[in-house]
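Q: My questions all concern the structure below.
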Amino acid sequence: MARSFGRLGPSVATLPRTIARALAVPEHCFMSDDVVVPPLPTTKPIRLIAETGRAVKGAQTAGFAMPSVETLLGLYRQMVLARRFDAQVTALTRQGRLATYPSALGQEACEIAAVASLAPNDWLFPTYRDTIALLTRGVSPVEILSFFRGDWHTGFDPHAHHISPQSTPLATQALHAVGLATAAKLKHDDVVALTFLGDGSTSEGDAHEAFNFASVWQSPTVFVIQNNQYAISVPFSKQSHARTLADRAIGYGMPGYFVDGNDVAAMYAVITAAVERARSGGGPTMIEGLTYRMEAHTNSDDPTRYREKGEVAEWQGRDPVDRLEKYLTAAGALTDDVRGSIAADAEVLAAATRGAMNETPVLDPLELFDHVYSAERPALLEQRAFLAHELAQTEQTLTEMAGRA
Amino acid sequence: MTLIDETAPAVIHSPQAKNEPAAATSISIAGALNAALRDALAEDPNVVVFGEDVGPLGGVFRITDALNAEFGENRVWDSPLAESGIVGTAIGMAMYGLRPVIEMQFDAFAYPAFEQITSHLAKMRNRTKGRVTLPIVIRIPYAGGIGGVEHHSDSSEAYYTHTPGLTVVTPSNPADAYSMLREAIRSDDPVIFLEPKSRYWAKDTVSLPVETPPMNRAVVLREGTDVTLLAYGPTVKTALHAAELGAAEGLSIEVVDLRSLSPFDDETVGASVRKTSRAAIMHEAAQFGGYGAEVAARVTERQFFHLAAPVLRITGFDIPFPSPKLEEHYLPTAERVLAALDTWEW
Ligand SMILES: Cc1ncc(C[n+]2csc(CCOP(=O)(O)OP(=O)(O)O)c2C)c(N)n1
Ligand SMILES: [Mg+2]
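Going line by line, the protein sequences match chains A and B. Sequence positions in the first sequence follow full-length UniProt numbering and run 1 to 405. Sequence positions in the second sequence follow full-length UniProt numbering and run 1 to 346.
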């Protein structure tokens with residue numbers, strides 16, 4: 001009888017015992033019979049609302065229940081606000097107000113569903129792509145955008161919002177999520193960590209390590225992979241030869257779900273279940289949302305070099321906001337009044353964002369030396385004094401020139 | 001990548017014959033690197049180019065522009081997104097006779113490949129007593145000055161120069177970009193080829209193919225008698241500007257473009273320092289433990305009795321590279337060079 005691995009927790013059953021014996025592998029290398037093997041993810045994405053806006057019935061729901069109309073209306077509102085914000089930021093970037101902005105246009109269902117699934121004490125580990133998730137979690141536009149404007153690397157307090165700095169080095173943040181969730185588990189706090197990953201980033205070694213650590217440690221982590229089908233110019237087909245990314249989950253011994261990432265109802269149902277499972281000691285989950293990046297990778301990218309306009313148009317027809325709008329309208333929840341008031345709120349947000357970004361930030365170059373170490377270092381103070389002197393001299397020269405003019 | 005690419009165009013790519021160079025044209029560093037890759041691919045069927053977005057997109061800086069269409073998927077292709085994977089598989093390819101030229105998308109994104117570079121790429125020749133050699137070029141756009149958000153502006157040269165077994169070079173102008181990349185690809189040792197990204201669009205009139213001095217040699221770009229100012233990659237332009245400003249104040253600055261960081265051209269630098277008796281080294285990277293520390297120590301050890309003053313370093317501060325709006329305060333300027341030279345007793 002193979003022994004159970006006790007507190008290391010259940011894992012996927014590996015080889016049948018007969019094969020194990022044939023290979024003369026010691027029995028303790030294999031898991032006990034009572035291990036629950038996660039089912040293979042479905043090949044068709046889990047979906048609750050069809051592109052037509054009608055509720056899906058049968059196998060494609062994978063048994064997930066439709067969220068309430070009230071919940072969906074809340075999600076709709078957040079998606080509309082996020083989309084308006086995203087469009088505004090893209091426009092500001094085109095006007096040269098921001099250094100760069102990776103848009104999440106078309107990915108609102110993944111972003112908003114994930115944030116809505118979290119409790120206030122849970123942690124979010126976002127990438128550069130997930131700005132609207134920060135907005136939806138309550139970070140102010142200025143605090144979010146000061147990064148993209150180029151003021152400082154992180155403009156908000158991660159501890160205040162339970163959001164880690166937006167991560168650019170791909171997949172690295174997934175390990176941080178696993179570590180934080182594990183720490184919470186060790187401290188007996190019921191905190192869950194959710195990390196976003198892009199399809200391309202799952203090719204990085206860190207992604208593998210994060211999945212494996214999470215599973216071995218049964219860490220309360222939820223991996224939300226937004227498969228927007230491109231890593232800058234590289235299509236998904238050059239990234240993975242698997243049926244779906246969610247298929248990988250089984251190899252790590254965790255449940256994996258392949259979900260229609262443009263169906264916020266499905267994303268919300270699946271992520272919420274994963275968060276609750278993690279919270280109740282059930283370990284990590286891998287969720288792949290199949291979606292599409294409607295905009296360029298960033299403002300400095302030229303997608304005409306690598307994708308057809310027709311493909312973009314096709315995905316336009318699968319828009320996550322449109323779909324939800326149809327469903328909610330049919331349900332009688334989205335009246336013209338409600339729609340109008342949400343749209344008005346979105347305009348207020350856009351105006352506030354514009355206003356904030358049109359102000360020139362006041363930055364102190366000397367702060368460059370302030371946050372490198374916990375304690376002051378004489379060598380760094382010397383460099384700080386050097387810059388202070390240089391700035392004072394420049395100031396003086398400018399004053400003199402102004403006086404002469 | 002498909003293994004047999006029947007769609008690859010059956011075009012014969014002949015580089016310009018050496019004795020009849022094309023007419024001189026205005027070309028950028030980016031354009032020169034692209035031309036060097038094209039000519040290397042055409043000349044040697046073992047040369048392959050792969051990495052992130054280097055295929056149809058032509059790389060985020062367009063250094064591999066049009067090469068995928070021209071040479072096909074078996075010569076120039078997009079790999080999965082994993083730097084350790086890119087360097088690791090390049091090592092295997094090189095063991096089997098290919099000459100991979102791989103791209104790290106940005107300086108800081110090469111770090112996942114650090115283990116492959118330091119534990120294998122750099123050591124293979126030594127471990128195997130020369131039986132296995134790795135003719136691999138890793139192209140890395142590096143340094144700041146383009147308003148990039150965090151992780152897009154690192155000057156990571158010292159990590160590589162501190163690793164025995166690696167050759168580390170960095171061009172500062174289009175002619176060198178072409179010539180040095182061609183030489184790096186022909187080299188039987190692994191070469192870290194650092195491309196100063198703020199200078200990618202700097203143009204010069206060059207007729208390709210061009211052959212500049214060997215890539216292991218430093219070059220005196222501007223003669224002077226009072227100070228030897230050593231620079232490389234992105235700081236060369238600043239050094240030349242400092243020399244202009246210095247000249248206006250009666251200071252004659254000799255500017256040396258190091259070009260090769262490892263090996264270091266003791267001969268050229270030594271000759272210059274013996275002439276001027278003063279030396280300063282510039283780089284964008286932080287100062288502490290930086291490349292300038294090696295240069296200062298080396299020049300001091302070898303030229304001590306010719307030196308009239310300690311070797312100076314004009315560098316970035318010892319802080320993480322700043323955000324776009326603050327980088328101007330970090331990057332060494334010509335004014336900072338002159339201010340530093342002023343601290344010497346003359
Ligand atoms: C380690 C690392 N390598 C390369 C990059 C450069 N880079 C930034 S985004 C990106 C594509 C990422 O694609 P994906 O993971 O699918 O996320 P998406 O941008 O589509 O949201 C690349 C290659 C990086 N940020 N980090
Ligand atoms: Mg992607």
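Think of the CB as a built atom: it goes at the ideal place given N, C-alpha and C, for glycine as much as any other residue. Quantities reported herein were computed from a predicted structural model and do not represent experimental measurements.
Would you mind working out which of B:S262, B:D257, B:A35 and B:H283 sits nearest B:S272, comparing C-alpha positions?
A: Translated into the one-based positions of the second sequence, residue 272 of chain B becomes position 272. With distances taken between Cα atoms, B:S272 lies closest to B:D257.
Q: Would A:R47 pass as a contact of A:D260 if the rule is Cβ separation under 7 Å?
A: Position 47 of the first sequence holds residue 47 of chain A. Position 260 of the first sequence holds residue 260 of chain A. Yes.
Q: May I ask which residues mark the beginning and end of the beta strand (DSSP E) holding A:I250?
A: Mapped onto the first sequence, residue 250 of chain A falls at position 250. Premise fails: A:I250 lies in the alpha helix (DSSP H), R248 to Y252, not in any beta strand (DSSP E).
Q: With distances taken from CA atoms, which of B:F264, B:T333 and B:H329 is nearest A:L391?
A: Residue mapping note: residue 391 of chain A aligns to position 391 of the first sequence, counting from 1. Comparing Cα positions, the closest option is B:H329.
Q: Can at least three beta-carbon pairs, one atom from the segment 308-320 of chain B and one from the segment 279-297 of chain B, be found at a separation below 8 Å?
A: Counting Cβ pairs under 8 Å, three or more are found: they touch.
Q: Provide the residue(s) that pair with B:K203 in DSSP beta bridges, ordered along the chain.
A: If you number the second sequence from 1, residue 203 of chain B lands on position 203. Paired residues: B:S28.
Q: Distance check for B:Y291 and B:V311, CA to CA, integer angstroms please.
A: Against the second sequence, residue 311 of chain B aligns to sequence position 311. Against the second sequence, residue 291 of chain B aligns to sequence position 291. Taking the straight line from one Cα to the other gives about 13 Å.
Q: Is there a Cβ from chain A that is less than 7 Å from the Cβ of B:K275?
A: The residue labelled residue 275 of chain B in the question sits at position 275 within the second sequence. So no, B:K275 is outside the interface.
Q: Could you spell out the range, first to last residue, of the beta strand (DSSP E) harbouring A:Q226?
A: Against the first sequence, residue 226 of chain A aligns to sequence position 226. It spans T221 to N227 - the beta strand (DSSP E) in which A:Q226 sits, taken as one unbroken run.
Q: Enumerate in chain order the residues of its own chain whose CB-to-CB distance from B:W201 is below 8 Å, with the five nearest sequence positions on each side excluded.
A: Within the second sequence, residue 201 of chain B is the residue found at index 201, counting from 1. Around B:W201: S28, I29 and A30.
Q: For ligand 1, is there any heavy atom lying closer than 6 Å to the beta carbon of A:P320?
A: Residue 320 of chain A sits at position 320 when you count from the first residue of the first sequence. Because no heavy atom of ligand 1 lies under 6 Å away, the Cβ of A:P320 does not count as near it: no.
Q: Quick one: does the C-beta of B:G130 sit closer than 6 Å to a heavy atom of ligand 2?
A: Position 130 of the second sequence, counted from the first residue, corresponds to residue 130 of chain B. No, since every heavy atom of ligand 2 falls outside the 6 Å radius drawn around the Cβ of B:G130.
Q: Assuming A:K185 contacts A:S219 under a Cβ cut-off of 8 Å, what Cβ separation, rounded to an integer in Å, is found between them?
A: Stepping through the first sequence from its first residue, residue 185 of chain A is reached at position 185. Stepping through the first sequence from its first residue, residue 219 of chain A is reached at position 219. That belief holds up - the Cβ atoms of A:K185 and A:S219 are roughly 6 Å apart, short of 8 Å.
Q: Would you check whether ligand 2 has a heavy atom nearer than 6 Å to the C-beta of A:A231?
A: Your numbering for residue 231 of chain A matches position 231 in the first sequence. The answer is yes for A:A231.
Q: Excluding sequence positions up to five away, which residues of its chain have a Cβ less than 8 Å from the Cβ of A:G317?
A: Counted from its first residue, the first sequence places residue 317 of chain A at position 317. If we look at A:G317 and ignore the five residues flanking it on each side, its Cβ neighbours are E51.
Q: Less than 7 Å between the beta carbons of residue 354 of chain B and B:V210, yes or no?
A: What the structure shows of chain B is the stretch from 1 to 346, and residue 354 of chain B is not part of that stretch, so it cannot be assessed.
Q: Determine which residues share a DSSP beta bridge with B:D78 and list them.
A: Within the second sequence, residue 78 of chain B is the residue found at index 78, counting from 1. According to DSSP, which records beta bridges pairwise, B:D78 is partnered with B:G51.
Q: Can you give, in chain order, each stretch of the beta strand (DSSP E) that sits fully within the segment 98-122 of chain A and has at least 3 residues?
A: You should have found no qualifying run.
Q: Run the proximity test for B:L331: is its beta-carbon closer than 6 Å to any non-hydrogen atom belonging to ligand 1?
A: Here residue 331 of chain B refers to the residue found at position 331 when the second sequence is read from its first residue. It does not: the Cβ of B:L331 is nowhere closer than 6 Å to a heavy atom of ligand 1.
Q: What's the gap between the Cα of A:N121 and the Cα of A:N228?
A: For the purposes of this step, residue 121 of chain A is taken as residue 121 along the first sequence, with counting starting at 1. For the purposes of this step, residue 228 of chain A is taken as residue 228 along the first sequence, with counting starting at 1. Between A:N121 and A:N228, the C-alpha separation is close to 28 Å.
Q: How would you label B:F304, buried or exposed, when you count the other beta carbons within 10 angstroms and need 16 or more for buried?
A: On the second sequence, position 304 is the one that residue 304 of chain B refers to. The residue is exposed, with fewer than 16 neighbouring Cβ atoms inside 10 Å.
Q: From A:Y252, A:P165 and A:A350, pick the residue whose C-alpha is nearest to that of A:E209; which is it?
A: In the first sequence, residue 209 of chain A corresponds to position 209, counting from 1. Measuring from the Cα of A:E209, the nearest candidate turns out to be A:Y252.
Q: Note down, in chain order, every chain A residue with its Cβ under 7 Å from the Cβ of B:K237.
A: The count along the second sequence starts at 1 and reaches residue 237 of chain B at position 237. What B:K237 touches in chain A: nothing, since even the nearest Cβ is about 20 Å away.
Q: Taking the C-alpha atoms as reference points, what is the distance between B:D44 and B:V295?
A: What you label residue 44 of chain B is simply residue 44 of the second sequence in a count that begins at 1. What you label residue 295 of chain B is simply residue 295 of the second sequence in a count that begins at 1. The alpha-carbon atoms of B:D44 and B:V295 are separated by roughly 36 Å.
Q: For B:Y111, collect the residues of the same chain with a Cβ closer than 7 Å to its Cβ; drop the 5 residues on either side in sequence, then sort them by chain order.
A: Within the second sequence, numbered from 1, the residue matching residue 111 of chain B stands at position 111. Once the five neighbours on either side are set aside, B:Y111 has no close Cβ partner at all.
Q: Quick check on A:K238 - is its C-beta less than 7 Å from some C-beta in chain B?
A: Position 238 of the first sequence, counted from the first residue, corresponds to residue 238 of chain A. Yes, A:K238 counts as interfacial toward chain B.
Q: Do B:R278 and B:V255 count as a contact pair if the criterion is CB distance below 7 Å?
A: Along the second sequence, one-based indexing puts residue 255 of chain B at 255. Along the second sequence, one-based indexing puts residue 278 of chain B at 278. Contact flag unset, no.
Q: Could you please give me the residues that DSSP links to A:P235 through a beta bridge?
A: Against the first sequence, residue 235 of chain A aligns to sequence position 235. A:Y230.
Q: Can you list, in chain order, the residues of the segment 143-171 of chain A whose Cβ is nearer than 8 Å to any Cβ on chain B?
A: Taking 8 Å as the Cβ-Cβ cut-off against chain B, the residues of the segment 143-171 of chain A that qualify are F147, F148, R149, G150, D151, W152, H153, T168, P169 and L170.
Q: Taking Cβ positions, are B:E103 and B:G51 nearer each other than 7 Å?
A: As a first step, residue 103 of chain B must be located in the second sequence, where it is residue number 103. As a first step, residue 51 of chain B must be located in the second sequence, where it is residue number 51. Contact flag set, yes.
Q: Could you say if the segment 116-123 of chain B and the segment 163-175 of chain B meet the contact criterion of at least three C-beta pairs nearer than 8 Å?
A: They touch, by the three-pair rule.
Q: Three or more C-beta pairs closer than 8 Å, one from the segment 263-271 of chain A and one from the segment 95-110 of chain A: is that the case here?
A: Counting Cβ pairs under 8 Å, three or more are found: they touch.
Q: According to DSSP, simplified to helix, strand and coil, what is B:F193?
A: Numbered from its first residue, the second sequence carries residue 193 of chain B at position 193. Note: B:F193 maps to strand in three-state DSSP.
Q: Quick one: is the Cβ of residue 431 of chain A within less than 6 Å of any heavy atom of ligand 2?
A: Since the first residue of chain A shown is 1 and the last is 405, residue 431 of chain A is not available in this structure.
Q: Mind the definition here: the segment 134-141 of chain A touches the segment 170-183 of chain A only if three or more C-beta pairs lie below 8 Å; say whether that holds.
A: Not touching, per the Cβ criterion.
Q: Hey, is A:N228 close to ligand 2, as in C-beta under 6 Å from one of its heavy atoms?
A: Residue mapping note: residue 228 of chain A aligns to position 228 of the first sequence, counting from 1. Yes, Cβ of A:N228 sits closer than 6 Å to a heavy atom of ligand 2.
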